[in-house]
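To keep things clear, I will list the structure first and then write my remarks on it.
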Amino acid sequence: MIYLRNTYIYTETKKLIKKYGTRDPFEIMDQMNIVVGETSRYKTLKGYCFMSCKTIYVMISSFLSEEEKMIVAAHELGHIMLHRSQLKMAPMQDDTLYNMTDNTEYQANLFAADLLIDDEEIEDMVQNEDLDYFGLCSSLNATPELMSFKLYSLTKRGQAYHMPMEIQSNFLAK
């Protein structure tokens, strides 16, 4: 099991964003020469990544919405950045996102949230007293579950945010 300090994942996402000038996981993977494709081979598998002949591949289900594809791409990029040595052994397959029982999945979820959602946008939005949790999610084009991971990341880094809902491991599996 891999344990990372509270700021490690956030710091890694900041480095990527600065280096590649974007939060878009597809653009980042393109610039990193990661081969990204879609597959309709599996109904329940959201995405997977693997390494073959020193080339990294990411496959994403064609059955997903565009929003889900973005989240899955960020999640798989998290595996690539945080768990690269494991990619050499076997594909990392994700049939459920937001899995809290597996440490590598949990870390990939935090990575996706930190990559896709900007801290400053949350800080600006929470100043609006009329905005509730789901309004915040909608305004930032984030699922409530992904936002839960982002708020958890913020609290782990010492910021005070109320967690209006528990982190749900399997919301995309439904």
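Here the UniProt record's numbering is used: the first residue of the sequence shown is 1, the next is one more, and so on.
Even glycine gets a Cβ: it sits at the ideal position worked out from N, Cα and C.
Note that the structure is a prediction, hence the values are computed from the model and not measured.
Separation of LYS156 and ASN141 (C-alpha to C-alpha, rounded to the nearest whole angstrom) is 23 Å. Around the beta carbon of GLN127, fewer than 16 other beta carbons lie within 10 angstroms, which makes this residue exposed. DSSP assignment within the UniProt domain "IrrE N-terminal-like" (46-148) yields the following whole beta strand (DSSP E) runs of 3 residues or more, N-terminal first: 47-52, 55-61, 92-94. For THR13, the enclosing alpha helix (DSSP H) starts and ends at 8-20. For the pair PHE149 and ALA108, the CB atoms are not nearer than the 8 Å cut-off. When only Cα atoms are considered, GLY21 and GLN31 end up about 10 Å apart. DSSP places THR44 in no beta strand (DSSP E); its state is neither H nor E. Within the DSSP bridge table, the entry for GLY37 names MET59 as partners.
With a contact defined as Cβ atoms closer than 8 Å, THR55 and VAL35 qualify at about 6 Å.
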